[in-house]
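> Numbered by my numbering, the letters in the sequence shown go through residues 5 to 152 in order. All residues carry an ideal CB built from backbone N, CA and C; glycine is no exception. This structure is in structure tokens; I'll ask about it shortly.
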Amino acid sequence: MVKAFLFNLSSGAALTVGLFLGLFAAPSVARADFRLCNNTNARVSVALAYTNGANWVSEGWWNIKASACETLLRGPLAAQYYYVYAMDERGGEWKGKAFMCTRDREFRIDGREDCFVRGFDRSGFFEVDTGKDAKNWTVQLTDPGVTR
């Protein structure tokens, strides 16, 4: 199943985010990961948010070079919904309406409330619905008009 979403850049342009079920492993190896592939022409910095069953957790940054993929979480997916925020070197953003706590340097933050009061920034993440029974998933970040 393929889903595509449009997210506005801060500059007013749009990026298409294609979400594909990740089946990149060799047939004899069972993979169960949450991955992100950067199919753009620039390096992107990525933050991920999810619930661990009791609390919201946001963490980042993964710096993913152009045309590369990175595993953000290893192992079978524990939730149906994950949240991603990404930005590139040119000021573009992949964002959404689910606000989570972030910071400028590497982070792992428990909770999504009172970000500013706790000394963090607040960023809008887009939702990734992996489906009810998915064990792995890959998010594809693409520039507008690019087909891969």
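#1: Quick one: measure Cβ to Cβ for phenylalanine 130 and glycine 100, integer angstroms, because I've assumed they're closer than 8 Å.
#2: Taking DSSP as the reference, what is the three-state secondary structure of glutamine 78?
#3: Please work out which residues of its chain come closer than 7 Å, Cβ to Cβ, to lysine 139, disregarding the five sequence neighbours upstream and downstream, and give them in chain order.
#4: Measuring straight from C-alpha to C-alpha, what distance separates serine 71 and aspartate 114?
#5: If you draw a straight line from the alpha carbon of isoleucine 68 to that of arginine 47, how long is it in whole angstroms?
#6: Less than 7 Å separating the beta-carbons of aspartate 133 and tyrosine 87?
#7: Please list the segments of the beta strand (DSSP E) lying wholly inside the segment 77-152, counting only runs of 3 or more residues, in order along the chain.
#8: If I measure Cβ to Cβ from valine 33 and keep anything under 6 Å in the same chain, skipping five residues before and after, which residues do I get?
#9: Please identify the residue among Asp118, Phe124 and Phe120 whose C-alpha is closest to the C-alpha of phenylalanine 111.
Answer, in terms of the structure:
#1: 3 Å
#2: In the sequence on display, residue 78 carries arginine and not glutamine. Of the three classes helix, strand and coil, the one that applies to arginine 78 here is strand, per DSSP.
#3: Ala36, Pro80 and Leu81
#4: 31 Å
#5: 6 Å
#6: no
#7: 85-92, 102-106, 111-114, 125-133 and 141-146
#8: The predicted position of valine 33 is uncertain, since its pLDDT is 49 and thus under 50; a value taken from the coordinates is nonetheless stated next. If we look at valine 33 and ignore the five residues flanking it on each side, it has no Cβ neighbours.
#9: Phe124
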